[in-house]
Every structure is written in structure tokens, then in C-alpha cells.
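Notes for the one structure printed next.
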């Protein structure tokens, strides 16, 4: 079960990354004589209202979603570790201040922060991913703080300290490597949420470049054809749901 | 300091910090609000107008002074004029807020009311059909985006079966968005409630209760419910934050004129007063909800600080 899930997740990630460099057709090539084509050997998922290949557009959307995931995970890891470990090393009011700020950030809804960022800077995977990552730093800071506190009290860390390893060396050699896996598992457990949140953002299309197919933006575009061509809106939704479900399942099992 | 006072203090501080952050980010924008206003309101683009607007909005003063002036005006109810509609932002929000709040709050209220009986039945027979169904639902709603589920329900219930009439101005148009919000929270809260109820069954005192002749249902209710309720209300905070965040997409999907849709329409016009007001309203809303949850937890909790 565990092996199958991981293989599936890796396969999906591979497909999303392939979308960055290769698609079966030009995703923006308009072909009005081929509007609303049903799935065929040439167009695996059919074509949309302008005759564009749906699969190619989905693959670009997959690559963009992968960028969002990467940004969210990187910011959560780095920010959580830096703030959490700093708070653990600085006992007293400075550490408490960091933790208070972290608690405050838990209240702020990720989607609203990302919405604000999209409104101000335009929507693209990097700004959206950075906004969602920053909005999510709060809980990871608290988690990293708890982990670092526990590790700092461990005998092997105490021994290293007694041997004369300084603050920085202690943190980098002994504390951070031991807390990374736990932190990563927690961030992964929220990765599915980042996929659906980015889809909601792209659906709203705030300051988005309409020529860039995001899964959420495709849902927005194809919802017009719900009466006559309901199949069109199935594909992007299915892609979001499959990626989110795989991520949830993989990290739930760890 | 008593607990309610402490919670109030924390809520007000958080709101101030969030307002300062939002104000800082929005005023650090490269685009000039005066230029936007002149374009949006068709004012004469001469030096006198520019200077007049700049001094009226205090753009020539230092940042903290500007923030203080803005905060004073905001608290008094002067939220500025919308660049897009030219109307006072406060009036625009007051007109739209009831719809957004009805939608999010009824969805959020429905979820715990249904989660308790469902979670209880699931814990009564672990691996029974209710337990399996709620687990399936939880996996489903955490992966399927609510906008897509909304589209599919729109197609099945609205187009094929014609059971509901979406896009109407009465309560009929609210059924689907409320159901979508409730469904997401319901699934998560049911699982939390069930998990903590089952935790209790492994405790020695639970076995004692059974040995003294209580039925499983009776013992769960008498000795497990309060404990599981506590965990469920803690989990409610994250759900509330999710629900409020997702109202904007649901409003756009179902064509409901709430504050989220107003924001989305305003963004294209770079309507910063509206953006600032939206952040403040949502933050205040969530902070009040959180304060309420904190009070609930203190009242339910086993130990008092």
C-alpha cells in the first residue's frame, strides 16, 4: 500500500514536471474547426471552446501547481525552522514574542492572504505560493519550536554542548537535521490544501494572465459550457482532486 | 486579569497588528492612489487636484502618522470612497456583508450540529457503515475542491434533476454554497469528534463504567462526550478560517453579491480602500469567532487557569 502510494505520487510529480518542458500540442494553438472535440487518439482529453488541446493545457497547469507546492513547502520549512529554532534558543521575552507572532498568524486565513497578494502583485504561481507559504508559517514555527526545545534537552545535544560545540554548530549539526523529517511530514499533510487553495485563487482570476492555463482558471473558463459540454469542466477538477488526494494519502500514511 | 479580559485584549492587539501589516503592504504599492482616483472618478488631471487629494489623504505625511489617521477614520466609520463605484466603502460593505455572513455562518453552524450525532454513531460501531461513510466523506472533501464540487452539484441538481434553482435572489440560491461549506467542515469535525470519543473507550474509567452496567452508548455519552466536544471545538477554528476564506470563490461561482464578489470586481480597478476594508472585515470576523471559541473552551475545559 505504502509503496504503491509513493510510486503513484512520484509518477504524478513526474507528469507535473514534464508539463514544464513538453506538451503533446501547443497549449495556446487555436483551431476553430476543432471546437469541443471529444477525446480522441490525437487529443486525449478533447479540445475546448477555441479548439485548444485540453491535455496540453492541463500539463502546463500541473507544472504551475508544482511551482506553488514547491514555494509553499520551501517557505514553510525554512521559515518554520528559522523562527522556531530561534525562539527555542532565545529563552525569555524575545522567544515569547516570536511565538506570540506565530500564534497570531494561525488565525489569518491562508486564502485571504493569498487573495490580497494576488490583488496587489497579480496572480502567478510564485507570488501565490509565497503568500500561502508565509501565511502558513505560524503553525510550523510553533511546531519547530516544540521540536527544537525537546531536542535541545536530549542527552546527545547536551553532550555536544559539553564538548564545546557553539550555538550555531549545535543547531545546524544536531538540532535541525533531527527535526526536518517531522516538519516536512506536517507540511506535506497540508500540501493538498495548498493545491485546492491555489485552484480557488486561480478560479477568481485576480490579476491573472488569461493565456496561462491554471487548473482553477480552466474551471472558471469551462464552467460556461456546463450545459452543452459538461465533460470539459471534469478534467481540471479531476486533476486537482487526484493530486490533492494523492498528497493527502501519502502524508497521512507517514 | 480575568480570562474574558485577556481574550479581548489579545483579539484587539491581533486586529491592530493585522491592520498595520495590511496598511503597510498596501501603501508600499508602486501604483499611485491619486493617479488611480483621477482616472476612476474623471477628475481634471492638473496640479491642483493632485495636491488637493494628496493633502486630503495625508500622502505627504510620514507613514505612522498616516496609519494613525487612517485608523482613527476607520474606527469612526469613514472607510473612504471606492475607486470603482465612487460610493463610501462602508455602505457598500454593509449592503453585502449580511449575505456573506449568512452563507458562511449557517454553513459553519450546521456542521457541528450534524457532526456530533454522526461522530457519535460512528464511534458507537467502529468500522460500521456510518464510520466508513464518514471516513470516505472526509477523504473526499479534503481532496475535491469545493468550486468543482459546486459545479458538479450545479450540473446534477440544477441542470439535470432541476431540484434547486441556483442563481436566484432568494434562499434557494444559498442552498448549494451553504451545503458546500457545511459538508467540508462536517466531514473534518465528525472525524475529530469520533477519534476523541474512541480515545475515551481505551481508558480504564470507561471499562469501569461498562462494568457498572452502563450501555456502550450511555457510557460514551456520559464519560466521553464532553472530552470529544472539546477537541471538536478546537478543530472548529481551522474550519472557520477555511470557510471564510472560501466564501469569495463560492460567491463568484454562484453569482452571489457578497463582499468576496465585490472585492474580486474591485481588484481590476486597483480599488485599495476596498481591499483594505476586506482584510479588516475578514480579520475582525475571524478574531471574534476565535475569541468565542476560546471562551467556549475555557468554559468546557477541565482546568481553569
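Residue numbers (my numbering), protein chains in the order written: chain A, 1 to 254; chain B, 1001 to 1305.
Positions of the beta carbon are idealized from the N, C-alpha and C atoms, including for glycine.
Since residue i and residue j should fall inside the 8 Å C-beta cutoff, what is the C-beta to C-beta distance between them, to a whole number of angstroms?
i                       : j                       : result
residue 68 of chain A   : residue 128 of chain A  : 6 Å
residue 1236 of chain B : residue 1177 of chain B : Between residue 1177 of chain B and residue 1236 of chain B the Cβ distance is about 19 Å, and since that is not below 8 Å, they are no contact.
residue 1191 of chain B : residue 1134 of chain B : 7 Å
residue 257 of chain A  : residue 70 of chain A   : As shown, chain A starts at 1 and ends at 254. That puts residue 257 of chain A outside it, with no answer to give.
residue 185 of chain A  : residue 251 of chain A  : 6 Å
residue 1025 of chain B : residue 120 of chain A  : 7 Å
residue 60 of chain A   : residue 19 of chain A   : 6 Å
residue 1256 of chain B : residue 1274 of chain B : Wrong, their Cβ atoms sit about 17 Å apart, outside the cutoff.
residue 52 of chain A   : residue 29 of chain A   : 6 Å
residue 208 of chain A  : residue 123 of chain A  : 4 Å
Run through the DSSP bridge pairs and tell me what residue i is partnered with.
i                       : result
residue 1088 of chain B : B:1081
residue 53 of chain A   : A:47
Taking 8 Å as the cut-off, decide whether the C-beta atoms of residue i and residue j are in contact.
i                       : j                       : result
residue 1183 of chain B : residue 1141 of chain B : yes
residue 235 of chain A  : residue 50 of chain A   : no
residue 1228 of chain B : residue 1193 of chain B : yes
residue 1291 of chain B : residue 1011 of chain B : yes
residue 98 of chain A   : residue 86 of chain A   : yes
residue 204 of chain A  : residue 1249 of chain B : yes
residue 1241 of chain B : residue 1286 of chain B : yes
residue 201 of chain A  : residue 114 of chain A  : yes
residue 1282 of chain B : residue 112 of chain A  : yes
residue 190 of chain A  : residue 1143 of chain B : no
residue 12 of chain A   : residue 187 of chain A  : no
residue 1260 of chain B : residue 1100 of chain B : yes
residue 1059 of chain B : residue 1034 of chain B : yes
residue 170 of chain A  : residue 157 of chain A  : yes
residue 1189 of chain B : residue 1112 of chain B : yes
residue 1126 of chain B : residue 1210 of chain B : no
residue 1186 of chain B : residue 1114 of chain B : yes
residue 1300 of chain B : residue 1230 of chain B : yes
residue 1180 of chain B : residue 219 of chain A  : no
residue 1148 of chain B : residue 167 of chain A  : no
residue 314 of chain A  : residue 240 of chain A  : With chain A covering only 1 through 254, there is no way to say anything about residue 314 of chain A.
residue 138 of chain A  : residue 103 of chain A  : yes
residue 1083 of chain B : residue 1040 of chain B : yes
Which of the three DSSP states, helix, strand or coil, is assigned to residue i?
i                       : result
residue 208 of chain A  : strand
residue 1256 of chain B : coil
residue 232 of chain A  : helix
residue 1059 of chain B : coil
residue 123 of chain A  : strand
residue 90 of chain A   : coil
residue 1002 of chain B : coil
residue 39 of chain A   : coil
residue 1171 of chain B : helix
residue 1146 of chain B : helix
residue 178 of chain A  : helix
residue 1305 of chain B : For residue 1305 of chain B, the pLDDT reaches just 37, beneath the cut-off of 50, and the residue's location in the model is therefore unreliable, although a value from the coordinates is still provided. Correct three-state label for residue 1305 of chain B: coil.
residue 1029 of chain B : coil
residue 1125 of chain B : coil
residue 245 of chain A  : helix
residue 1166 of chain B : coil
residue 1134 of chain B : helix
residue 226 of chain A  : coil
residue 1290 of chain B : helix
residue 80 of chain A   : helix
residue 187 of chain A  : helix
residue 136 of chain A  : coil
residue 24 of chain A   : coil
residue 1269 of chain B : coil
residue 109 of chain A  : coil
residue 1043 of chain B : coil
residue 1010 of chain B : helix
residue 1202 of chain B : coil
residue 17 of chain A   : helix
Taking Cβ-Cβ distances shorter than 9 Å, what residues in chain C pair up with residue i?
i                      : result
residue 124 of chain A : Within the model displayed, chain C is absent; protein chains A and B are what it includes.
Determine which residues of the segment 209 to 220 of chain A have a Cβ less than 9 Å from any Cβ of chain B, and write them out in chain order. Listed by position, the residues of the segment 209 to 220 of chain A near chain B (Cβ gap below 9 Å) are 215, 216, 219 and 220.
At a Cβ cut of 9 Å, what residues of the segment 1085 to 1107 of chain B count as close to chain A, listed as they run along the chain? none
Using a Cβ-Cβ cut-off of less than 7 Å, give me the residues of the segment 178 to 202 of chain A that come near chain B, in sequence order. Within the segment 178 to 202 of chain A, the residues whose Cβ lies closer than 7 Å to some Cβ of chain B are 192, 196, 199 and 200, listed in chain order.
Which residues, in chain order, does the segment 222 to 235 of chain A contribute to contact with chain B at a C-beta distance below 7 Å? 223, 226, 227, 230 and 233
Going along the segment 1135 to 1150 of chain B in order, which residues come within less than 9 Å of chain A, judged by CB to CB distance? 1139, 1140, 1142, 1143, 1144, 1145, 1146, 1147, 1148 and 1149
If you measure beta-carbon to beta-carbon, which residues of the segment 1036 to 1065 of chain B are closer than 7 Å to chain A? none
Proximal residues, the segment 21 to 50 of chain A versus chain B, C-beta separation under 7 Å: none
Residues in the segment 238 to 250 of chain A with C-beta within 7 Å of chain B's C-beta atoms, listed in sequence order? 240, 241, 244, 245 and 248
Near-chain B residues of the segment 114 to 147 of chain A (beta-carbon distance less than 7 Å), N- to C-terminal order: Along the segment 114 to 147 of chain A, the positions whose C-beta sits under 7 Å from a C-beta of chain B are 115, 116, 119 and 120, read in chain order.
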